[in-house]
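Engineer:
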Amino acid sequence: MNPSSSFVATRDQALSVFNHPFSQFHSFLVSNFKNGSFPSPINTHTRRPKTHTLFTTPKRFQPITGCLGERNTPAKALRQIMESPGAHQGPACFDGLSAKLVERAGFQYCFTSGFSISAARLGLPDTGFISYGEMVDQGQQITQAVSIPVIGDGDNGYGNAMNVKRTVKGYIRAGFAGIILEDQVSPKACGHTQGRKVVSREEAVMRIKAAVDARKESGSDIVIVARTDSRQALSLEESLWRSRAFADAGADVLFIDALASKEEMKAFCEVSPLVPKMANMLEGGGKTPILTPLELEEIGYKLVAYPLSLIGVSIRAMQDSLTALKGGRIPPPGSMPSFEEIKEILGFNNYYEEEKRYATSKYQLYADREGSNAYSIQRVRDDSEQRGQSPQDPVVEVITPDVYTKYGADGSRDPFSGIWSRTLRIKITGRDGFEKLDVRVPAGFLEGITNIVPALGGVNLKALLDDAAEEVGGKVVFGRNADGIAEVASRKLADSHHSLKPSLESSSFRKYLGTNAN
């Protein structure tokens, strides 16, 4: 039987198959078939690709769409934008914040700029320093920060055709809607700078074919933007030839960088007229003339990139702010948003609203009690009324020291045993009834912790320890049990502001820890 021929079953034949008790499709497909919406037979033969495909790629299998519906991927959203009338502007971002600002400004999509990312992330020129891994990492942060589709700068694919495939698959996983791939050699350079060189025609076309293959292998519909830098490296004629070849290889969008005149731009848009064109409006003095979106639409462009606007104004704004600060002034109010505006942009208010959904009356944050750390901190919220204590006064508790280990797993003496294995537990409860501190302090840190605790808990622990012996009834009893664990017992001190139990005279306690350390 010819495998490419279609087999059409009668209604009764199909129902007999799907009603069979061993059929895995029974529950999912029978209802659709009975309703007259049974999917068409699947042709498992690969269809021969067209010379060039607009917005679609050859598929090996026809998808069966069920009750879940189609997933609206970033690439699909970008393709819908390209199918709509007009020339669509896309500023180039370089991090999550700049991408978020692009979205808030109302743009439908944006680009990433290798020039800007190299500047912002590395502080280096776009001359091949930045790597594939750094670009993917930065790109993932950008795509996760926004809901609009993002076209990623894939440079030259970071190597040969096999590297191009890895790059495309990595950009797909990072959430990009599209990827720009160019025909420069390595190390590459910014499109409007000197010294650019391109690979051969054959290698340039193979890079695009490899990108198309990587897309099919990933089951993705990422938009492939094929860029050539041969206009400045070789000639206009060469760049037009490569653009036609890229379209034949399956590119979705064509892009010649650094065209030198409006006439050259018109000649480019006449190449493969069914394939969308991208323009690069490099601000501040590039080789390509700056045209309005309406003028670009009339010429034939579909996508318009603005690569330097955001990074450029950011540099100037930071320079002006630093000049003001160095002169003893803060930046004027009109030059920066208010603190409230900054919080709104970054999403603080949305965070606070969402946080209310998960609010609880009690919370507890734990540190590992059983760990081998020198000390652990525990903070808990508890009800002071249930303890019979006034929430108006802070409460300090110095609890029995303990020894957690003196020997290693093999029975050998641990170099940190002795005073480092003995801990003093200190608890501080604030006037509001909340515990501010619950810490186990190694004996070797006792001197330092008496100076640190006032900053953490608002209580002068050193003064309490030094004054403990002078309190009437205050007493420290030191002893040892069979296991060598220190036992400390005392009465609770009566104090109008603090409660210390057991009361410890600091010098005696230090002496105890020191004499028993060995």
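Numbering (my numbering), first residue to last: 32 to 549.
Positions of the beta carbon are idealized from the N, C-alpha and C atoms, including for glycine.
Keep in mind the model is a prediction, meaning the values are calculated, not measured.
Might you give, ordered along the chain, the residues of its own chain that have their beta carbon closer than 8 Å to the beta carbon of Gln120, omitting 5 neighbours on each side?
Structural biologist: So the qualifying residues of the chain are Phe138, Pro324, Val335, Tyr337.
Engineer: By the DSSP assignment, the beta strand (DSSP E) with Met309 in it spans what residues?
Structural biologist: 309-311
Engineer: What ranges does the alpha helix (DSSP H) occupy inside the region 292-363, keeping only unbroken runs of at least 4 residues that lie completely in it?
Structural biologist: Inside the region 292-363, DSSP marks whole alpha helix (DSSP H) runs of 4 or more residues at positions 293-300, 324-330, 340-357, from first to last along the chain.
Engineer: Where does the unbroken beta strand (DSSP E) through Thr143 begin, and where does it stop?
Structural biologist: 141-143
Engineer: One question on the structure: do Ile211 and Val181 come within less than 7 Å of each other, judged by their Cβ atoms?
Structural biologist: no
Engineer: Going by the DSSP bridge assignment, what does Gln169 pair with across the sheet?
Structural biologist: According to DSSP, Gln169 bridges with nothing at all.
Engineer: Using the Cα positions of Ser217 and Arg135, report the straight-line distance between them to the nearest angstrom.
Structural biologist: 36 Å
Engineer: Leaving out five residues on either side along the sequence, give the residues of the same chain with a beta carbon under 7 Å from the beta carbon of Leu327.
Structural biologist: Ala118, Ala310, Val335
Engineer: Along the chain, where does the alpha helix (DSSP H) containing Gln111 start, and where does it finish?
Structural biologist: 105-114
Engineer: In this structure, does DSSP put Asp288 in helix, strand or coil?
Structural biologist: coil
Engineer: Using only alpha-carbon positions, find the residue among Arg238, Met312, Glu386, Asp126 that is nearest to Ser345.
Structural biologist: Answer by Cα proximity: Asp126.
Engineer: For Val284, I'd like the list of residues in its chain whose CB is within less than 8 Å of its CB, leaving aside the five on either flank, ordered along the chain.
Structural biologist: Met113, Gly209, Val254, Ile255, Val256, Ala257, Val306, Pro307, Lys308, Met309, Lys333, Leu334
Engineer: Would the region 141-148 count as touching the region 173-192 if we require 3 or more Cβ pairs under 8 Å?
Structural biologist: yes
Engineer: Tell me the DSSP bridge mates of Thr259?
Structural biologist: Ile287
Engineer: What number of angstroms, rounded off, separates the C-alpha of Glu329 from the C-alpha of Gly358?
Structural biologist: The straight-line gap separating the alpha-carbon atoms of Glu329 and Gly358 is approximately 50 Å.
Engineer: Can you check which of these residues, Ile148, Gly190, Ala108, Lys107, is closest to Ala123 by C-alpha distance?
Structural biologist: Ile148
Engineer: When you compare only the Cα positions, how much space is there between Ser340 and Glu314?
Structural biologist: 7 Å
Engineer: Quick one: is Gly164 buried, meaning 16 or more other Cβ sit within 10 Å of its Cβ, or exposed?
Structural biologist: It is exposed - the Cβ of Gly164 has fewer than 16 other Cβ atoms within 10 Å.
Engineer: Just how far apart, CA to CA, sit Glu295 and Arg273?
Structural biologist: C-alpha of Glu295 to C-alpha of Arg273: approximately 15 Å in a straight line.
Engineer: I believe Ile239 touches Gly170 by the beta-carbon criterion, under 8 Å. Please report the beta-carbon distance rounded to the nearest angstrom.
Structural biologist: Actually they are not in contact, since the Cβ atoms of Ile239 and Gly170 sit about 20 Å apart, beyond 8 Å.
Engineer: Near Leu153, what residues of its chain come up, given a Cβ to Cβ distance below 7 Å and the 5 sequence neighbours on each side ignored?
Structural biologist: Apart from sequence neighbours up to five positions away, the residues of its chain that approach Leu153 with a beta-carbon distance below 7 Å are Phe160, Ile161, ordered along the chain.
Engineer: So, at 7 Å on beta carbons, what are the nonlocal neighbours of Ala150 in its own chain, with the 5 sequence-adjacent residues on each side left out?
Structural biologist: Ile342
Engineer: For Gly190, which residues of its own chain have a beta-carbon under 6 Å away from its beta-carbon, when the five flanking residues on both sides are left out?
Structural biologist: Contacts found: none.
Engineer: Cβ of Ser352 within 7 Å of Cβ of Pro362?
Structural biologist: yes
Engineer: Over the uninterrupted beta strand (DSSP E) stretch that includes Ala123, give me the two end residues.
Structural biologist: Unbroken beta strand (DSSP E) run through Ala123: 119-124.
Engineer: Gly201 lies in the alpha helix (DSSP H); which residues open and close that run?
Structural biologist: 192-204
Engineer: Is Asn187 closer than 7 Å to Lys219 when the C-beta atoms are compared?
Structural biologist: yes
Engineer: According to the Cβ coordinates, are Ala289 and Lys318 closer than 7 Å?
Structural biologist: yes
Engineer: With DSSP collapsed to three states, give me the class of Gly250.
Structural biologist: coil
Engineer: Compute the distance between the beta-carbons of Val236 and Ala276, then report whether it is under 7 Å.
Structural biologist: Yes, these two residues count as a Cβ contact at 7 Å.
Engineer: Which residue from Arg388, Cys300, Tyr202 puts its Cα closest to that of Ala106?
Structural biologist: Among Arg388, Cys300, Tyr202, the Cα nearest to that of Ala106 belongs to Tyr202.
Engineer: Taking the alpha-carbon positions, what's the Arg360 to Lys293 distance?
Structural biologist: 46 Å
Engineer: If I follow the unbroken beta strand (DSSP E) through Val181, where does it start and stop?
Structural biologist: Counting along the chain, the beta strand (DSSP E) containing Val181 begins and ends at 181-184.
Engineer: DSSP on Val229, reduced to helix/strand/coil?
Structural biologist: strand
Engineer: With three or more C-beta pairs closer than 8 Å as the rule, is the region 227-234 touching the region 261-273?
Structural biologist: Here the region 261-273 lies against the region 227-234, with 3 or more beta-carbon pairs under 8 Å apart.
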